[in-house]
Structure formats: C-alpha cells, structure tokens
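Peer 1:
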Amino acid sequence: MVKMDGSMDAEMIAGYFRGKSVLVTGATGFLGKILVEKILRVQPEVKKIYLLVRAVDAQSAHQRVQDEVTDTEIFCLLKERHGKGGFELFVEEKIVALAGDVIHENLGLDAPRLEELAKEVDIIVNGAATTNFYERYDVSLDVNVMGVKHLCEFAHKCTNLKMFLHVSTAFAAGDREGLIMERPFKRGETLREGTRLDIDAELRLVADVKADLAAAGAGDGDDEKAERKAMKELGLRRSRHFGWSNTYVFTKAMGEMLLSQLRAGPAAAVAIMRPSIITSLLRDPLPGWMQGTRTIDTIIIGYAKQNLTCFLADLEGTMDVIPGDMVVNAMMAVMAAHGGQGSPEPGEEEVALYHATSSLRNPALYGVLYESGRRHFYENPRLSKDGKVIPTKEMYFFKTIASFHLYMLIKYKLPLEILHLVNLLLCGIFSQLYEDLSRKYKFVIHLCDVYGPFAFFRGCFDDMNLERLRLTMARTSPEDDLFNFDPKTVDWNHYFYKIHIPGVLKYVLK
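Here the working numbering = 1-based position in the sequence shown + 8.
#1: Roughly how many angstroms lie between the CA atoms of F98 and A22, to the nearest whole one?
#2: Apply the 10 Å Cβ neighbour rule to Y515 and answer buried if 16 or more other Cβ atoms are within range, or exposed otherwise.
#3: Mind checking whether L173 and M20 have CB atoms under 8 Å apart?
#4: Once you ignore the five residues that flank R466 on each side, which residues in its own chain have a CB closer than 6 Å to its CB?
#5: From A222 to I285, what distance separates their C-alpha atoms?
#6: On the DSSP bridge list, what partners appear for N492?
#7: Please report the distance separating the alpha-carbon of Y58 from that of P423.
#8: Can you tell me whether Y404 is buried or exposed, with buried defined as 16 or more other CB within 10 angstroms of its CB?
#9: Rounded to whole angstroms, what is the Cα-Cα separation between K240 and N140?
#10: Which of helix, strand or coil does DSSP assign to L323?
#11: Quick check on the burial criterion: 16 or more other C-beta atoms within 10 angstroms. Buried or exposed for R204?
#12: For N168, collect the residues of the same chain with a Cβ closer than 6 Å to its Cβ; drop the 5 residues on either side in sequence, then sort them by chain order.
#13: Taking its Cβ as the centre, do 16 or more other Cβ atoms sit within 10 Å of Y386, making it buried, or is it exposed?
#14: Please identify the residue among A178, L270 and F451 whose C-alpha is closest to the C-alpha of V257.
#15: Going by Cα to Cα distance, which pick from G460, E161, Y24 and L266 is closest to I304?
#16: Would A372 pass as a contact of T326 if the rule is Cβ separation under 8 Å?
#17: Decide if P293 is buried, meaning its Cβ has at least 16 other Cβ atoms within 10 Å, or exposed.
#18: For T287, which of helix, strand or coil comes out of DSSP?
#19: Can you look up M545 in the DSSP assignment and give me helix, strand or coil?
#20: For G347, which residues in the same chain have their Cβ closer than 7 Å to its Cβ, ignoring the five residues on either side in sequence?
#21: Please report the distance separating the alpha-carbon of K448 from that of L316.
#22: Pick helix, strand or coil for M9, following the three-state DSSP scheme.
#23: Alpha carbon to alpha carbon, how far is I47 from G27? Give it in angstroms, no decimals.
#24: To the nearest angstrom, how far is it from the Cα of Q440 to the Cα of L433?
#25: Could you have a look at G40 and say whether DSSP puts it in helix, strand or coil?
#26: Just the C-alpha distance for I418 and M189, rounded to the nearest angstrom, thanks.
#27: Under a three-way DSSP split, which group does L187 fall into?
#28: Could you name each continuous beta strand (DSSP E) segment of 3 residues or more that falls completely within the stretch 165 to 210, going from the start of the chain to the end?
#29: Would you grab the beta carbon distance between V519 and N134 for me? Rounded to a whole angstrom, and I think it's under 8 Å.
#30: Please classify E356: is it buried, with 16 or more other beta-carbons within 10 angstroms of its beta-carbon, or exposed?
#31: Have a look at P399 and C166 and give me their C-alpha separation to the nearest angstrom.
#32: Which one of K157, Y142, F162 and D146 has the shortest CA to CA distance from E123?
#33: In whole angstroms, what separates the C-alpha of E197 from that of K393?
#34: Return the first residue and the last residue of the beta strand (DSSP E) that N114 is part of.
#35: Quick one: what does DSSP say F464 is sitting in, helix, strand or coil?
#36: Measuring CA to CA, which of A181, A238 and A482 is closest to A215?
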C-alpha cells in the first residue's frame with residue numbers, strides 16, 4: 009500500500025481535482041453518474057471529464073451522455089445552482105463525450121483523438137463492467153478483462169497520468185467464510201487448490217468453442233441462440249472450476265490480476281476499489297436515488313407487488329451493503345491520497361486495494377431490511393385501481409438452499425411428474441402445458457443455483473486500508489462530512505425505512 013502522511017479534509021479532496029482532466033468509463037452506470045455529478049459539484053474548476061460511451065459517432069455519444077447522465081435526477085443540485093441555461097453551458101464546457109468502447113484496442117478511438125487524449129488525461133477511473141452473474145463468457149471476458157488490458161495500454165501512452173482507479177467488487181474474493189483481507193490477486197491465483205489460471209488460455213478456449221459451434225451449425229436462426237447458451241454455460245463452468253460462484257465475480261477477479269500485472273505506466277499510482285452491494289444514496293445530492301435493481305431489492309419489489317411469497321435468505325445473516333455516495337466519497341479520497349505520489353517505493357505493494365464494505369464495521373442484517381419493508385408497507389399500504397387497500401402478506405424465507413430445493417420438490421416437481429404421467433396416458437394432450445411449467449421450474453432452480461451462494465454469503469470483508477484512510481480525515485467543520493465514507497455512521501433501520509425503500513419505489517418501480 010502506498011504510504012500516506014498527514015491528514016486530509018474535504019477541501020484537500022475537492023482541491024485535488026482542480027485543473028485536472030479525468031477519463032471515466034462506465035459513466036452511464038449507477039456509480040459512474042454519482043462520481044461525475046460529485047466531481048462537478050464539489051470542484052467546478054475541474055478541467056475536463058471525458059466520458060467513454062458506446063456510440064456510433066460523436067453526436068450519438070453526446071446525445072447518450074445527455075439522455076443517460078446529465079439529464080437524470082441526480083444532477084438536481086447542479087441545475088439549481090447554475091439555472092437551466094447555465095447548467096447546459098457548464099456541462100458543455102466540462103464534459104466531453106467520446107464514442108468508443110473498452111473492449112476495443114485504443115478504446116475504439118481514432119489515432120488523432122487518442123493522441124490528444126493521452127496528452128490531456130491526469131486520472132483514469134475504470135467503472136465499465138458487465139455485472140450479469142450469468143453473462144456470456146466471451147462478453148464478460150471482453151468487458152471485465154480485456155477492457156482492463158486496453159485501458160492499461162492507453163495509460164502507458166498518457167504523458168501526465170497520475171492516478172488509475174479501477175472499480176471491482178468485494179465479491180471477487182470468492183465465497184469464503186471468515187475475514188476476507190484487502191489483498192490483490194496474484195497472477196494465476198485461484199480459489200481452488202491445485203488449479204492455476206491462465207487468462208490467455210481462457211481466451212483461446214472461448215475462441216475454440218465458438219469456432220466449433222460455428223462449424224457444427226447449419227446456418228439457421230438457431231445458431232446465435234445456441235452460441236449464447238453455450239457461452240453462458242461455459243462461463244459458469246469455468247468460474248466454478250477455479251472456485252468462483254459465477255461469471256461476473258470470476259472475470260472481475262481476472263481483471264484485477266491483469267491490472268496488477270500490466271500496471272498503468274511508470275508515473276501513475278494504481279488502486280482498486282472493491283465495493284460490496286451498492287445501494288441508493290444515503291445523503292447527497294438526492295437521498296434514496298438509485299438506478300437498476302440491486303440483489304436485495306428483489307425482496308422490496310416482490311413485497312411491493314405481492315407476487316413474491318418466498319425468498320432465499322437467512323434473516324439473521326449479514327448482507328454487506330454500502331450506499332452509492334459513500335463508495336464515490338471513498339473513491340475520491342483514495343484518488344486524492346494516492347494520485348500525487350506516483351509509483352510506490354521498492355518493496356511496497358504496487359496496487360493499493362480498498363474494500364468499501366460494511367460487514368466488519370456496521371453489519372446490516374437481512375432481518376432489518378425485511379422488518380423495515382413490513383413497517384413501510386403496513387404504514388403506507390398499496391391501493392388497488394378501485395381504491396381498496398391491498399393487504400400486506402408475510403413472506404417466507406428459506407435459510408438454506410437445501411430447504412428451498414425440498415420445497416420446490418414437494419410443491420412443484422412432484423406435481424410436474426404426475427402431470428407428465430397423465431400426459432403420457434392421454435396421448436400428449438397436456439404436452440404444451442407440461443413443457444411450459446417444466447421450463448419455468450428449471451429456470452427457478454437455475455436462479456437458485458446462480459444466486460444462492462450470493463444470498464448465503466458468510467464472509468466478512470476487512471477494510472483496514474480504508475479505515476487507515478478514514479483516520480487521516482480531519483473533522484474540523486461540517487463541510488468535512490461532504491466525503492463521509494464511514495459505514496458506522498449509518499443507522500440501517502432509518503436508512504432502509506426512510507431512504508432506501510422509498511427510493512426503490514420511486515426510482516425503480518416509479
């Protein structure tokens with residue numbers, strides 16, 4: 009870990025971004041938007057923020073940034089500060105949309121643009137990722153692994169680069185029990201004894217499997233569907249071969265390995281931020297704001313719609329969650345702490361790694377979330393179209409995957425087998441019904457298989473590196489809370505009941 013002397017305060021963190029140019033990937037995602045808004049709000053004198061987005065040309069990229077980033081609710085405080093016309097001029101001056109993609113060499117940019125960018129960029133923040141647990145293996149490798157490689161190659165061309173911050177996930181550490189330390193992966197390291205990971209070999213495997221599928225295909229419309237299924241299954245199979253539970257966390261771990269191996273140029277500091285489950289904003293600029301559905305929000309949404317009667321979770325178990333604004337505060341503090349120091353001294357860790365997590369300092373239980381949901385919906389009952397109160401039902405929780413499988417066997421599998429027998433006796437008149445129900449049953453079992461290990465995660469993330477950084481934070485004025493990332497300051501009962509659950513209903517369910 010890079011040594012950090014002295015203390016930091018809000019003024020120092022905000023001041024670090026003054027006059028600097030920042031390249032952000034993944035800016036259309038939840039965390040990316042929060043970061044862009046925060047930098048612009050606390051440091052209006054940032055030079056430029058370059059946003060790399062997938063688009064066919066510069067005009068499309070600009071439109072996408074406007075539609076998916078700056079026009080969203082999270083920029084409300086900046087719009088109030090500048091006024092509508094002033095905000096548009098401010099954004100036009102500070103934000104540059106780039107049509108490109110991390111999956112391509114040179115980030116998909118033409119040579120003149122790439123050369124210009126390499127001279128300008130002081131900080132790179134890589135937030136681009138595909139987060140689907142059951143993603144195609146080739147797609148996950150392209151984004152979560154090769155994207156890191158291409159950014160590192162670009163970083164080596166940057167003449168003024170001071171900081172490379174990579175956003176990973178705490179769950180890249182695997183389904184371990186006990187205390188999980190803030191330690192980067194070594195090249196080739198796996199979670200299963202007796203195995204060694206070769207990223208190049210995995211890329212060749214994907215290419216070989218796709219070539220075999222193409223050779224075996226008949227050229228009809230089913231080829232693409234078969235390839236998609238094969239790539240998804242291959243990702244899950246390879247993940248579990250090396251000890252990870254799903255393709256997302258496996259490829260994020262591979263991305264970390266590649267970053268440690270390739271670094272980001274001789275003059276740049278490198279850090280990895282590993283957040284756990286990122287939830288809605290705790291405080292600013294818009295408490296409760298969020299985008300997309302987090303894993304834990306399935307409970308809230310199912311409870312709101314009253315179409316989810318059971319869920320995989322131990323109510324006494326810990327769900328490691330952290331509000332999105334706290335993650336961004338930690339990211340900005342890390343950049344300010346490391347970004348002026350350059351390469352580490354001999355013998356120091358080349359990559360600093362931080363867990364933005366809560367399970368060690370202030371664990372949140374599934375039971376707290378559920379009780380907050382019950383309380384919210386009892387006090388704020390849903391109404392039907394005719395104005396009648398929809399009664400709130402209790403939800404049943406399975407504490408183990410085995411108990412869920414037993415429930416599914418008795419309630420669904422056995423009736424399915426009876427239907428199958430009746431269908432055979434009646435010459436197949438129920439064939440379509442049986443196939444539909446059987447497909448749905450297999451899908452639910454598959455979801456349990458993919459998400460089950462995540463729901464019953466028993467690890468606890470150490471955050472000593474981030475705690476050391478927290479201890480350097482001065483608390484001399486109310487402004488210093490502007491970059492609060494201490495999970496001990498969160499009252500989970502209040503947060504879920506007053507902020508997060510209303511946020512899910514307002515911004516996700518709308």
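Every residue gets a Cβ at the ideal spot worked out from N, C-alpha and C, and that includes glycine.
Peer 2: Checking against the coordinates, here is how it stands:
#1: Pairing F98 with A22, the inter-Cα distance amounts to about 18 Å.
#2: Taking a 10 Å sphere around the C-beta of Y515, we find 16 or more other C-beta atoms and assign the residue as buried.
#3: Not in contact: L173 and M20 (Cβ atoms no closer than 8 Å).
#4: E185, listed in sequence order.
#5: Rounded to the nearest angstrom, the two C-alpha atoms are 38 Å apart.
#6: Residue pairing from DSSP leaves N492 without any beta-bridge partner.
#7: Cα-Cα distance, rounded: 57 Å.
#8: Classification for Y404: exposed.
#9: Those two C-alpha atoms are separated by around 10 Å.
#10: Of the three classes helix, strand and coil, the one that applies to L323 here is coil, per DSSP.
#11: Around the beta carbon of R204, fewer than 16 other beta carbons lie within 10 angstroms, which makes this residue exposed.
#12: Within the same chain, Cβ atoms closer than 6 Å to the Cβ of N168 are found at D130, the five residues on either side in sequence being excluded.
#13: Counting every other CB atom within 10 Å of its CB across the protein chains shown gives Y386 a total below 16, marking it as exposed.
#14: Ranked by Cα distance from V257, the options A178, L270 and F451 are led by A178.
#15: Residue G460 is the option with its Cα nearest to I304.
#16: In this structure, T326 lies closer than 8 Å to A372 by Cβ.
#17: For P293, the number of other beta carbons within 10 angstroms of its own is at least 16, and it is reported as buried.
#18: Here T287 sits in strand by DSSP.
#19: Coverage of the chain is limited to positions 9 through 518, which leaves residue 545 absent and any answer about it impossible.
#20: By the criterion of a C-beta distance shorter than 7 Å, G347 is surrounded in its chain by Y24, I131, K170, M171 and A277, once the five residues flanking it on both sides are discounted.
#21: The C-alpha of L316 is placed about 15 Å away from the C-alpha of K448.
#22: Low local confidence applies: a pLDDT of 38 at M9 is under 50, so the model's placement there is unreliable, with the coordinate-based value given in what follows. M9 sits in coil when the DSSP states are folded into three classes, being neither helix nor strand.
#23: Going by the C-alpha atoms only, they are around 12 Å apart.
#24: CA-CA distance, Q440 to L433, rounds to 15 Å.
#25: Three-state result, G40: helix.
#26: Whole-angstrom Cα-Cα distance: 41 Å.
#27: In the structure shown, L187 sits in a strand (DSSP, three-state: E or B).
#28: Runs of the beta strand (DSSP E) spanning 3 or more residues and lying entirely within the stretch 165 to 210 occur at 171 to 175 and 186 to 188, in chain order.
#29: Shown here, the chain extends from 9 to 518; a query on residue 519 therefore has no answer.
#30: Reliability of the predicted coordinates at E356 is poor, the pLDDT of 43 falling under 50, and no value is obtained from them.
#31: If you take the alpha carbons of P399 and C166, they lie about 60 Å apart.
#32: Check the Cα spacing between E123 and each of K157, Y142, F162 and D146: the tightest is with F162.
#33: Between E197 and K393, the alpha-carbon positions lie close to 56 Å from each other.
#34: First-last for N114: undefined, no H or E at that position.
#35: F464 carries a coil assignment under DSSP once its states are collapsed to helix, strand and coil.
#36: Ranking the options by Cα distance to A215, first place goes to A238.
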